[in-house]
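The block underneath contains the structure these notes are about, expressed in structure tokens.
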């Protein structure tokens, strides 16, 4: 079955300069291994190819549980000089949640 | 020693609401109130205001916040710590004294300074973001180092009711009263790491209590119009229980705490502050009651020898123009308009952005299903070195009224002066934090 990340997880975006952070938190802790397997840094890089120019690093936090993605060169220069309307990239958490996975 | 300290956070950014802090002071049973009002670029903009008028350069909402809080802070014996000093903590302290005198309240204010390192930089230091010298980015406006608890502790040791700082790391505003009250050793990295977890969870105020969280039908948050801001009851061992004032709106649960714990964190095992390199990977969160979350397990390693410096520079201007199209083929006409502007401006702007609002303006592409929208607002933005050049963007969009596709309406044009932010590091020994006392 194909499902949207939106249906099983929530996310908040953060920014530091030109770097975007995206948390990914399953509603149900039982889904955490599924997220670890399918929502790899490479898969997110493909999904956000139009947004993230640089590297994506994934951090695993089994104690929460949650994943954290740190995306370099994702904010077209960053909050103070970007030409985008959402200069912080705050809305990008919902772009991540549009990603499809198999479950 | 007290067995527990209650610290509230009444503002998570400069533009935050005024009432939640008042509710916290009046009904929250606080020992300390913290107002975190300084974003990355806020201080550079404040430096510009200070240059124009030496009595300004502090937070624009300082006067309103202090006027509303001051009588209640005195009555409830709540100590206030805030970075609303921004570029000018001394002027901010004087303004607070003025307000206190007007209200006939005896108040002692301490200004914490020393973060302004503009005079210590030559411009040849390497910018983290570009790898090039700082001054390559543009004329430099400001440089403020992130100070830590060691800058705030001397202020807490005075009789001050209000401590007003410039640039300090956000979690340090919360960690400082914990170190002060509990006598924590600044060499105890695990203790400081846990204190930094507490500060990080509190620093965005409403973001811990259901603000910036709601998604109707999936993540429902009650009474958001009256969102309460959070407080933490901290024990001497660093265990913290987060809560909010009964009767306020919002929600504080595991999900809100997890989102906030990871917010803006670049590496959960190495969250670097001036006080400690905190490790969030062992943090345990548990819901121990309605709107009550306990946090423990923060750890840390020794603080860095350098401090991060936020450097503001003049980054030129952005010119913007907008115009709307509606009805059949609205997107087609908007795209034609966009292509006309591109053809006319592309040789004069190295960086031009064309957005079709209602279709792709937010993420440049659609992550959902494509559909033809009824209306499109065309937005053009271009970066320029002068205001005059920036104005061209809006002028070209406005000219579409009689030279563009059919049915364009509601043209608007804007020019923004840009302050860019880059970072570098400075040896922490170069800083001399100072405290200055003011009495009313």
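Chains as they are written, first to last, in the UniProt record's numbering: chain A, 1 to 103; chain B, 1 to 440.
A virtual CB, placed ideally from N, CA and C, is assigned to each residue, including glycine.
None of these values were measured; they are calculated from a predicted model.
Notebook entry, point to check: Excluding sequence positions up to five away, which residues of its chain have a Cβ less than 6 Å from the Cβ of residue 135 of chain B?
Noted result: On the second chain, residue 135 of chain B is found 135 positions in, with the first residue counted as 1. Closer than 6 Å at the Cβ level, and outside the excluded window around residue 135 of chain B, lie 123.
Margin query: Strictly below 7 Å CB to CB, what residues from chain A border residue 129 of chain B?
Written below: Locating residue 129 of chain B in the second chain gives position 129, where the first residue counts as 1. Near residue 129 of chain B (Cβ distances below 7 Å), the residues of chain A are 17, 18.
Next item on the list: Report the partner residues of residue 427 of chain B according to the DSSP bridge assignment.
Entry: In the second chain, counting from the first residue as 1, residue 427 of chain B sits at position 427. Its beta-bridge partners are B:306.
Item checked: Burial state of residue 99 of chain A, where buried means 16 or more other Cβ atoms lie within 10 Å -> The count along the first chain starts at 1 and reaches residue 99 of chain A at position 99. Buried.
Checklist line | Amino acids of chain A, ordered along the chain, whose beta-carbon sits closer than 8 Å to that of residue 263 of chain B | finding: For the purposes of this step, residue 263 of chain B is taken as the residue at position 263 of the second chain. Under the 8 Å cutoff, chain A gives 12, 14, 21, 23.
Check: Assuming residue 112 of chain B and residue 163 of chain B make a contact with CB atoms under 8 Å, what is their CB distance in whole Å?
Finding: As a first step, residue 112 of chain B must be located in the second chain, where it is residue number 112. As a first step, residue 163 of chain B must be located in the second chain, where it is residue number 163. Yes, they are in contact, since the Cβ atoms of residue 112 of chain B and residue 163 of chain B sit about 6 Å apart, within 8 Å.
Check: Are at least three pairs of beta-carbons, each pair with one atom in the region 86-93 of chain B and one in the region 103-111 of chain B, less than 8 Å apart?
Finding: yes
Check: Which parts of the region 69-148 of chain B are runs of the alpha helix (DSSP H), unbroken and 4 residues or longer, counting only runs that do not cross its ends?
Finding: 89-102
Item checked: residue 206 of chain B, DSSP secondary structure in three states -> Walking along the second chain from the start, residue 206 of chain B turns up at place 206. Helix, per DSSP.
Item checked: At least three beta-carbon pairs within less than 8 Å, the region 283-297 of chain B to the region 251-264 of chain B -> yes
Check: What whole-angstrom Cβ distance do residue 304 of chain B and residue 146 of chain B have, given they're in contact under 8 Å?
Finding: Looking up residue 304 of chain B in the second chain gives position 304. Looking up residue 146 of chain B in the second chain gives position 146. Incorrect: roughly 11 Å between the Cβ atoms, too far for contact.
Next item on the list: Using the Cα positions of residue 367 of chain B and residue 6 of chain A, report the straight-line distance between them to the nearest angstrom.
Entry: To locate residue 367 of chain B, count along the second chain from 1; it is residue 367. To locate residue 6 of chain A, count along the first chain from 1; it is residue 6. Approximately 12 Å between the Cα atoms of the pair.
Check: For the candidate residues B:85, B:103, B:14, B:4, whose alpha-carbon lies nearest to that of residue 440 of chain B?
Finding: Along the second chain, read from residue 1 onward, the residue named residue 440 of chain B stands at position 440. With distances taken between Cα atoms, residue 440 of chain B lies closest to B:103.
Check: Thinking just about the alpha-carbon of each residue, which of B:218, B:249, B:401 is nearest to the one in residue 412 of chain B?
Finding: Here the question's residue 412 of chain B lines up with position 412 in the second chain. Selected option, being the one with the closest Cα: B:401.
Item checked: Buried or exposed by the 16-neighbour rule on C-beta atoms within 10 Å, applied to residue 7 of chain B -> Within the second chain, residue 7 of chain B is the residue found at index 7, counting from 1. When all chains shown are included, residue 7 of chain B counts as buried.
Next item on the list: Indicate the three-state DSSP secondary structure (helix, strand or coil) for residue 375 of chain B in the structure shown.
Entry: Taking the first residue of the second chain as 1, we reach residue 375 of chain B at position 375. Of the three classes helix, strand and coil, the one that applies to residue 375 of chain B here is strand, per DSSP.
Notebook entry, point to check: Taking 7 Å as the CB-CB cut-off, is residue 367 of chain B touching chain A?
Noted result: As a working mapping, residue 367 of chain B is identified with position 367 in the second chain. Yes, residue 367 of chain B counts as interfacial toward chain A.
Margin query: I want to see whether chain B comes within less than 7 Å of residue 32 of chain A, judged by CB atoms only; does it?
Written below: Start at 1 with the first residue of the first chain, and residue 32 of chain A comes out as number 32. Chain B, which has no Cβ nearer than 7 Å to the Cβ of residue 32 of chain A, makes this no.
Note to self: Between B:372, B:325, B:172, B:384, which has its C-alpha nearest residue 347 of chain B's C-alpha?
What the structure shows: If you number the second chain from 1, residue 347 of chain B lands on position 347. Answer by Cα proximity: B:384.
Next item on the list: Check whether the region 20-32 of chain A touches the region 66-83 of chain A, counting contact only when three or more Cβ pairs, one atom from each stretch, lie closer than 8 Å.
Entry: yes
Check: How do the region 59-72 of chain B and the region 25-44 of chain B stand: do at least 3 beta-carbon pairs fall below 8 Å, yes or no?
Finding: yes
Notebook entry, point to check: Does residue 95 of chain A come within less than 7 Å of chain B when only Cβ atoms are used?
Noted result: Translated into the one-based positions of the first chain, residue 95 of chain A becomes position 95. It does: the Cβ of residue 95 of chain A has a partner Cβ on chain B nearer than 7 Å.
Next item on the list: Would you please verify whether the beta carbon of residue 259 of chain B is less than 7 Å from any beta carbon of chain A?
Entry: The residue given as residue 259 of chain B occupies position 259 in the second chain. Chain A contact via Cβ: present.
Check: Checking contacts by CB at 7 Å: is residue 381 of chain B closer than that to chain A?
Finding: Here residue 381 of chain B is taken as the residue at index 381 of the second chain, counted from 1. Yes, because at least one Cβ of chain A sits closer than 7 Å to the Cβ of residue 381 of chain B.
Next item on the list: For residue 495 of chain B, collect the residues of the same chain with a Cβ closer than 8 Å to its Cβ; drop the 5 residues on either side in sequence, then sort them by chain order.
Entry: The question about residue 495 of chain B has no answer, for chain B in this structure spans 1 to 440.
Item checked: Proximal chain B residues relative to residue 51 of chain A, where beta-carbon distance stays under 9 Å -> The residue given as residue 51 of chain A occupies position 51 in the first chain. Here the neighbours are 363, 364, 365.
Notebook entry, point to check: Quick one: which chain B residues come within Cβ less than 7 Å of residue 63 of chain A?
Noted result: On the first chain, residue 63 of chain A is found 63 positions in, with the first residue counted as 1. Correct list: 281, 282, 283, 284.
Margin query: Nearest by alpha-carbon distance to residue 90 of chain A: which of A:9, A:4, A:2, A:17 is it?
Written below: Counted from its first residue, the first chain places residue 90 of chain A at position 90. Of the candidates A:9, A:4, A:2, A:17, the one whose C-alpha sits nearest the C-alpha of residue 90 of chain A is A:17.
Check: With 16 other CB atoms within 10 Å as the buried threshold, where does residue 55 of chain B fall?
Finding: Looking up residue 55 of chain B in the second chain gives position 55. With fewer than 16 other Cβ atoms within 10 Å, it is exposed.
Note to self: With a threshold of 7 Å between beta carbons, is residue 5 of chain A in contact with chain B?
What the structure shows: Counting from one through the first chain, the residue named residue 5 of chain A turns up at place 5. Answer no: the Cβ-Cβ gap between residue 5 of chain A and chain B never drops below 7 Å.
Item checked: Option in B:160, B:268, B:244, B:186 with minimal Cα separation from residue 210 of chain B -> In the second chain, residue 210 of chain B corresponds to position 210, counting from 1. Comparing Cα-Cα distances from residue 210 of chain B to each of B:160, B:268, B:244, B:186, the minimum goes to B:244.
Margin query: Just to confirm, is the Cβ distance from residue 76 of chain B to residue 25 of chain B under 7 Å?
Written below: For the purposes of this step, residue 76 of chain B is taken as the residue at position 76 of the second chain. For the purposes of this step, residue 25 of chain B is taken as the residue at position 25 of the second chain. Yes.
Checklist line | Completely contained alpha helix (DSSP H) runs for the region 188-241 of chain B, where each covers 4 or more residues | finding: 189-202
Notebook entry, point to check: Excluding the five sequence neighbours on either side, which residues of its own chain have a C-beta within less than 8 Å of the C-beta of residue 430 of chain B, listed in chain order?
Noted result: Position 430 of the second chain holds residue 430 of chain B. 117, 120.
Item checked: DSSP three-state assignment for residue 47 of chain A, whether helix, strand or coil -> In the first chain, the residue the question calls residue 47 of chain A occupies position 47. Reduced to three states, the DSSP call for residue 47 of chain A is helix.
Margin query: So, for residue 432 of chain B: in the same chain, excluding its five sequence neighbours on each side, which residues have a beta-carbon less than 7 Å away from its beta-carbon?
Written below: Here residue 432 of chain B is taken as the residue at index 432 of the second chain, counted from 1. Hits under 7 Å: 114.
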